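To start, the structure under review is shown below, and the notes come after it.
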Amino acid sequence: MTYTYKVTGMTCSGCQAKVQSLLSKVAGVKNVNIDLSKGEVFVDMNKHIDTAELKEALTGFPQYQLTEGDHSHLTIAPAISEEEFKSWIEIYKPILLIFGYITGITLLIEIMHGAFAWMRWMNHFMAGFFIVFSFFKLLNLKGFAESYSMYDIVAKEWGGWGYVYAFTELALGIAFLTGFKPILTNTVTFVVMTVSIIGVLQSVFNKRKIKCACLGEVFNLPMSTITIIEDALMIGMSGVMLLTML
């Protein structure tokens, strides 16, 4: 069953992510969706949860005030259903353009070398991937960290991991670009991305309607199989390079 509530005090996507995170931790809550423009929160529950219990979850942040709204039973929050009217290309246009740019530039580098080398291409591709994706995360580091804590298994337990993760991506990008200790760089990449994909898989398989934090707070991308492919690609490339070097 899904219930609707009004929450005041949410002024940005960071606030949205924070309220989502706090309410999601209440026992019995399956999923939380928010229409930021209307200040409406849609809580999917396993059982009825008293409003006072939901209010208590927000007590640490007095700027957010929750009140009962229209308790109509819903299947999907309106904020999410609006995405159904968009084409797949329109929704994922930002990430498709980024992958297109990175692929095109790295292929041009290979053309300039006069011969295509898979290892060199993967190295440059991963450098571009991590540098570009970390850039978008660093534009609003706090917002990214709050969104990331909604689904990442480490960030859920330690909120600081979102901050560390963004800089880890930047460091990995620079390491791939400069060729710094390839075995260490690929090992860290393999471990970090394997841990990252666990939370993504859980969210996608449980059909949670949440925002993907891969491009930080700049774009509103839904969590989907595209996110799985991103992480799996980095795991696969780093794994292949490790096997080649060891």
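Quick note, the sequence shown lines up with residues 1 to 246 if you use the working numbering. Every residue gets a Cβ at the ideal spot worked out from N, C-alpha and C, and that includes glycine. Note that the structure is predicted; figures quoted are calculated from it, not measured.
- Residue pairing by DSSP puts PHE42 in a beta bridge opposite THR4 and ASN33.
- Residue burial is scored here from C-beta neighbours: HIS48 has fewer than 16 other C-beta atoms within 10 angstroms and is therefore classed as exposed.
- 9 Å or more divides the Cβ of GLY69 from the Cβ of TYR151.
- The shortest CA-to-CA distance from THR185 to any of THR8, THR67, MET112 and MET234 is the one to MET234.
- Here GLN63 carries a coil assignment [DSSP, helix/strand/coil].
- The beta-bridge partner set that DSSP reports for LEU221 consists of CYS212.
- A distance below 6 Å between beta-carbons, with the five flanking residues on each side excluded, links LEU242 to the following residues of its chain, in chain order: ASN186.
- 9 Å or more divides the Cβ of TRP121 from the Cβ of ALA145.
- Between VAL43 and GLY28, the alpha-carbon positions lie close to 10 Å from each other.
- Bounds of the alpha helix (DSSP H) holding GLY173 are 161 to 178.
- If you ignore the 5 residues before and after ALA127, its C-beta comes within less than 7 Å of the C-beta of GLY173, PHE176 and LEU177, all in its own chain and listed in chain order.
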